[in-house]
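**Q** Below: one structure in structure tokens.
In my numbering, the protein residues as written are 1 to 93.
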């Protein structure tokens, strides 16, 4: 049977954060913690819920590339209908 609680050091390893950050989050109420006989403890199930509650959507690199580059090579993007002539390179009139 695994233990249900974790220490600051264990939470720091689990979340890949520094113990100082875990202490800060606990004191600010950002992460659920309990103080027992001067020892800061965390329930693993609550840490897992903390992770789920802070989920963000990270777009795939290909989606982001399409979003950024999508309109760069269309004629409407490069040459808007402004009534101006398109300059010709290498030719002087």
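Glycine is no exception: its CB is placed at the ideal position from the N, C-alpha and C atoms.
(1) Given a threshold of 16 other Cβ atoms within 10 Å of its Cβ, counted over all protein chains shown, does residue 31 qualify as buried or as exposed?
(2) What's the gap between the Cα of residue 40 and the Cα of residue 68?
(3) Between the Cα of residue 6 and the Cα atoms of 24, 20, 34, 27, which residue gives the shortest distance?
(4) Which residues bound the beta strand (DSSP E) around residue 35?
(5) Rounded to whole angstroms, what's the CA-CA distance from residue 37 to residue 62? Just pull it up for me.
(6) Is it buried or exposed, residue 53, if we count other Cβ atoms within 10 angstroms and call 16 or more buried?
(7) Just the Cα atoms here: how many angstroms apart are residue 27 and residue 3?
**A** This is what the structure gives:
(1) Residue 31 comes out buried.
(2) Rounded to the nearest angstrom, the gap between the Cα atoms of residue 40 and residue 68 is 45 Å.
(3) Residue 6 has its Cα closest to that of 34, out of 24, 20, 34, 27.
(4) Counting along the chain, the unbroken beta strand (DSSP E) around residue 35 starts and ends at 34-36.
(5) For residue 37 and residue 62, the distance between alpha carbons rounds to 51 Å.
(6) Flag for residue 53 reads exposed.
(7) Going by C-alpha positions, residue 27 is about 23 Å away from residue 3.
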